[in-house]
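Letter 65 of the sequence shown, counting from 1, is numbered 979 in this note's numbering, and no numbers are missing.
For glycine and all other residues, C-beta sits at the position ideal for the given N, C-alpha and C.
These notes are about the structure you will find just below.
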Amino acid sequence: MTVPNLDIPHDRLADFCRKWKIVELSLFGSVLREDFGPGSDVDVLVEFQTDSGWSLFDVGALYRDLEELFGRRISLVERRALMKHHNGWLRHEILSTAQQVYAA
915 MTVPNLDIPH DRLADFCRKW KIVELSLFGS VLREDFGPGS DVDVLVEFQT
965 DSGWSLFDVG ALYRDLEELF GRRISLVERR ALMKHHNGWL RHEILSTAQQ
1015 VYAA
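Shown next as structure tokens:
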């Protein structure tokens, strides 16, 4: 699995996901399209291990680590929260276009 439009070694991505107890990491949005540019952010969909139990402070650190890994701003969506989201269209759009780049 590769990270489209970004030069991220898979072993770095895997180390990051293991550290943060991420069982699946996918990308969606402009990072997968031709309109992805230098000012674009990276839209990230993650699913955590059920025992992760991260605090808000932990999530802030995870966010910073992700921005450092990708070298740009990110938007982070957690799969369980997305599945409960009231906007079915948004949920469908993200899930139908997301490309998995890591799975445990």
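For aspartate 949 and threonine 964, the rounded distance between their alpha carbons: 35 Å
The region 969-982 in contact with the region 941-948 per 3-pair CB rule at 8 Å: no
Histidine 999 versus glycine 953 - alpha carbon distance: 28 Å
Unbroken alpha helix (DSSP H) run spanning isoleucine 922, endpoints: Unbroken run through isoleucine 922: none, as it is neither H nor E.
Buried or exposed by the 16-neighbour rule on C-beta atoms within 10 Å, applied to glutamate 961: buried
Opening and closing residue of the beta strand (DSSP E) in which leucine 959 lies: 956-962
C-alpha gap between tryptophan 934 and aspartate 921, whole angstroms: 21 Å
Distance CB(leucine 927)-CB(valine 958) smaller than 8 Å: no
Whole-number beta carbon distance between valine 956 and isoleucine 988, since they are thought to touch under 8 Å: 5 Å
Burial state of phenylalanine 984, where buried means 16 or more other Cβ atoms lie within 10 Å: buried
Cβ neighbours of serine 966 in the same chain (closer than 6 Å, five flanking residues each side left out): Lys935
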